[in-house]
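Residue numbering for the sequence shown is 195 to 1016, as defined by my numbering.
Just below is one structure, and these are the notes that go with it.
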Amino acid sequence: MSTSSLPSSITLRPGAVRDAIVDRLVRSLGKSVAGATRRDFYDALAIAVREALAERWIATRTRVTQAHVKRICYLSMEFLLGRSLINALSSFDDGLIDEVRETLLSFGHNLEEIAAEEEDPGLGNGGLGRLAACFLDSLATLGYAATGYGIRYDYGIFMQVIGDDGAQREVASSWLGMHNFWESGRGGIRYLVRFGGHCKSTRDDKGRVQYEWVDTHDVWAVAYDLLIPGNRSPTVNHLRLWSGRAVTPFKIEEFNHGNYAAAVADQIDAKNLTRVLYPDDSTPQGKELRLRQQYFCVSASLQDMLAQHLADGRGIDELERAFAIQLNDTHPALAIVELMRLLVDDYHIGWSGAWQMTRRICGYTNHTLLPEALETWPVAMFERLLPRHLQIIYQINRDFLEAVSAKYPSDMDRRRRMSLIAEDGDRRVRMAYLSVIGSHKINGVAKLHSRLMRETIFADFAELWPDRFTNVTNGIAVRRWLKQANPGFAQLITEKLGSAWENDLEDLERLKWAVDDPEFRQRFRAIKLENKKRLAKTIELLLNQKVNPEALFDVQVKRIHEYKRQLLNLMYVIVRYLRIINNEAPDAVPRVVIIAGKAAPGYWMAKSVIKLVNNVARVINSDPRVGDKLKLCFLPDYDVSLAQEIMPAADLSQQISTAGMEASGTGNMKLSLNGALTIGTLDGANIEIRDAVGEEHIFIFGMTAEQVTQRRAQGYSPAHVVENNPELKRAIETLDSGLFTPDNLADSTTVVDRLMSDGEHFLVLADFDSYAAAQDRVDALFRDQDEWGRQAIINALSMGPFSSDRSIREYADNIWGIKPVI
Ligand code: 26W
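Here it is, written out as structure tokens:
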């Protein structure tokens, strides 16, 4: 076909895939089919898919505007989307992806390889960011009008490289290195965000005080949109990310005086605002730039909401019927204060009316109880950066403490405890309390977590407003974590059930009969083996290490943190290794232990854990006495795409946090949905997973949250535990001997010292006996491959409640009060 015969616009649709791809290659990229590289095919396809989505997106927006439905604004400093191409292609319900696959094959390319050309946009740290992405997927699939708001970091989470010494090194990686066809810059949508300056108060003609924020330093927030398709749904929503730009990008007077750096200094400052994601996922650094990022995101997003609202011709008093805001942890909590400022100062709404409206609009999700993770900002920093906001916070606090005093007269200690301002040490603003006070609903992310949240960090608030506290257990996007990640299993399910499960995971229940069908079990096991072979190839590629796909694939993938207890896993690996080389385990089940995850660059202990895992791995993997019986593999640079390969290949899912510390976990759900059995503590959503799969189909061990509290109170002494377990003792001694770290003994001893220190906060070794016993049960079951497969299937088919569609429906019904548009 000659290119001149192409019609003017070829939408990607069944029957026209070839023409659409060729059209974009030639017209958009200026490449001939013969000269096109794999990357060119990726680009051409990405452009064509995005254009097809754009049509649905415009239709969605028209419907939303016309129907005046309430929109949900999901405010989050993190969104871990993962790759877009296959997600978008498989959202079309007409077999489009099959035709794309065939067409690419006819050009000599494979869709999966083409898709791997895409950089993972790593605009998040871990669970909280990935949850936001799963929620956007569900919101679109269920047909809710929703916008994600966040920051377009030039540099997302760092790339993790493991050095020759086994240690993590952080390498900057820009997801924008290659042109990103999924985002569209919207130069026309930009708002001024102000910082610094001071407040002036004047009186209006009625004698009321008016506040003005003046002499500010201003920055533009420019919008970039990423389209979010719903699965087999006409809805396409968007994620709007803000990027910083200078108001005066180039100062010609400075330039004319030869001050070249000064001429562009403003632009550099503005762009630095959104340069990089903070890579800490639990310890706020209290850095001014982070507070600036938070305000920048919040201010631009609220201005955007108000602009849309007014453009729709609706009055400001209708705002709470038009919008619901969900705060993804406290990071965007300034939205409460900024909304008050806009309503009171700019729209001249009375204080108490504005406060009521703000509270009805905002909801707050808490994702962690770790005290060190609760954000507070120095009052002095606020004063400098956001003087008007500090005044507003003081006013909110005055009103609130008055109400507290009215209910609890003369309880001064309660006033001190509940104040928005912490007065011990330097004065700081407590963002979690601000979020609670400014929201009509506060939710935790799993039943246990929501209960502990009410009983611990927010006890005073839950006593005051019991009805405001609620739970919404997390969930995962079935499309990414089963349909796309595990196409073999997905097809098997669809063959038996039809494809309704994609948008209604509870439908899997109808397949429970298959558990007892030998043919189904056989096919499930064959698919799992294929997935394991694929991961084995990746492991060989990454680590130059061969692993046996028939071995038990034992997986712990998540951020590295002491409370997640990767060290408990590692200690047990060492115990197994010592059993093997001492000929004490003739019938040990062969295992491939897979660990992956990033450590915050400043979290020294977490980085020591990574280094130690790699050093232990080197010794075990090269010991000829071990052979296939045990391999330890630390997979570098864990991200969404690697997760999509690991989840479907796992046999065992390690969810072994100290009870009471993991708010929910979502990897636990992904692994179980892909037919891994869980070995886990009674923590976070593990408890609800146990209830769903049945306690005979999960390996539960260790102390409960209550027992953890008691044990800490009693005074925990690890030495005592070790004395009573000879195998554990031997493992500790082996570490201390330097066997694994011959070049630097301290690489072992510092970790051992931590594990053995009195009162060790995460009680790692306290759960060791019970963990090892549970691992024995794992081995025993794995020897019976058919029974293991049966239980794996039961796990997968019981995951109905853990779809993020279910979570989103709960948010919609109980928190946002919204209806779907379709
Ligand atoms: C900068 C300080 C900071 C940054 C991030 C403090 C806390 C966080 C997050 C709350 C950490 C996080 O990702 N929490 C995880 O959220 C998931 C989604 O709800 C839960 O499944 C995980 O259990 C929780 O650790």
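We treat Cβ as the ideally placed atom computed from N, Cα and C, and that holds for glycine.
Proximal residues to alanine 1017 (C-beta, below 7 Å), its chain only, five neighbours per side dropped: Residue numbering for the chain in the displayed model covers 195 to 1016; residue 1017 lies beyond these limits and cannot be assessed.
Pick helix, strand or coil for glycine 224, following the three-state DSSP scheme. coil
Is any heavy atom of ligand 1 found at a distance shorter than 6 Å from the C-beta of threonine 860? yes
Looking only at its chain, what residues have a beta carbon closer than 6 Å to the beta carbon of threonine 197, apart from the 5 residues adjacent to it on each side? Here threonine 197 scores only 46 on pLDDT, less than 50, and its place in the model is too uncertain to base an answer on.
Count the other C-beta atoms from every protein chain shown that fall within 10 angstroms of the C-beta of serine 998, then say buried if there are 16 or more, exposed otherwise. Answer is buried; the Cβ neighbour count reaches 16.
Count the other CB atoms, across all protein chains shown, that sit within 10 Å of the CB of glycine 323; report buried if there are 16 or more and exposed otherwise. It is buried - the Cβ of glycine 323 has at least 16 other Cβ atoms within 10 Å.
Roughly how many angstroms separate the alpha carbons of tryptophan 414 and arginine 439, rounded to a whole number? Whole-angstrom Cα-Cα distance: 5 Å.
Taking Cβ positions, are serine 270 and alanine 326 nearer each other than 7 Å? yes
Closest Cα partner of aspartate 412 within the set Arg1000, Ile422, Asp620 and Ser493: For the options Arg1000, Ile422, Asp620 and Ser493, the alpha carbon positioned closest to that of aspartate 412 is the one of Ser493.
Which listed residue (Leu729, Val751 and Glu921) has its alpha carbon closest to that of serine 847: Val751
Is any heavy atom in ligand 3 found nearer than 6 Å to the beta carbon of leucine 322? Ligand 3 is absent from the structure shown, which contains only ligand 1.
Tryptophan 407 in three-state terms, based on DSSP: strand
Bridge partner(s) assigned by DSSP for isoleucine 636: Tyr558 and Phe663
Just the Cα atoms here: how many angstroms apart are lysine 445 and lysine 740? 59 Å
For asparagine 668, verify whether its CB is less than 6 Å away from any heavy atom of ligand 1. yes
Unbroken stretches of the alpha helix (DSSP H), 4 residues or longer, contained in the region 529 to 615: 545 to 555, 573 to 579, 581 to 601 and 606 to 612
Let me know the alpha helix (DSSP H) ranges lying completely inside the region 451 to 510, each 4 residues or longer, listed in chain order. 454 to 467 and 482 to 505
Burial state of aspartate 970 (16 or more Cβ within 10 Å): Exposed.
Decide yes or no for the touch test of the region 838 to 853 against the region 893 to 909: beta carbon pairs closer than 8 Å, at least 3 of them. yes
For alanine 811 and alanine 925, what's the separation of their Cα atoms in angstroms? 14 Å
N- and C-terminal bounds of the beta strand (DSSP E) containing threonine 341: Counting along the chain, the beta strand (DSSP E) containing threonine 341 begins and ends at 340 to 345.
Under the criterion of a Cβ to heavy atom distance below 6 Å, does alanine 1017 qualify as lining ligand 1? Any property of residue 1017 remains undetermined from this structure, which presents the chain solely from 195 to 1016.
For arginine 773, which residues from the same chain have a beta carbon less than 6 Å from its beta carbon, with the 5 sequence-adjacent residues on both sides left out? Excluding residues within five positions, the ones whose Cβ falls inside 6 Å are Ala779.
Taking DSSP's pairing of strands, which residues face glycine 379 in a bridge? Paired residue(s): Tyr418.
Cβ distance (whole Å) where glutamate 524 is taken to contact methionine 612 below 8 Å: Note that residue 524 is threonine in the sequence shown, not glutamate. Incorrect: roughly 16 Å between the Cβ atoms, too far for contact.
Would the beta-carbon of threonine 650 be found less than 6 Å away from any heavy atom of ligand 1? no
Valine 639: CB within 6 Å of a non-hydrogen atom of ligand 1: Yes, the beta carbon of valine 639 sits closer than 6 Å to at least one heavy atom of ligand 1.
Proximity test, proline 478 beta-carbon vs ligand 1 heavy atom, cut-off 6 Å: Flag set: Cβ of proline 478 near ligand 1.
Quick one: is the Cβ of histidine 262 within less than 6 Å of any heavy atom of ligand 1? no
So if DSSP puts asparagine 431 in a beta bridge, which residue, or which two residues, is it bridged to? Ile422
Can you tell me which residues form a DSSP beta bridge with histidine 392? Val408
Looking at the structure shown, is glutamate 1004 part of a helix, part of a strand, or coil, going by DSSP? helix
Hey, leucine 247 and leucine 500: beta-carbon distance below 7 Å or not? Not a contact, by the Cβ cut-off of 7 Å.
Mapping the DSSP letters down to three states, classify glycine 323 as helix, strand or coil. helix
Roughly how many angstroms separate the alpha carbons of tyrosine 766 and leucine 957, rounded to a whole number? Distance between the alpha carbons of tyrosine 766 and leucine 957: 15 Å.
Nearest-angstrom beta carbon gap, glycine 320 and tryptophan 369 [assumed within contact, 8 Å]: With 8 Å as the limit, tryptophan 369 and glycine 320 do not qualify as a contact, their Cβ atoms being about 17 Å apart.
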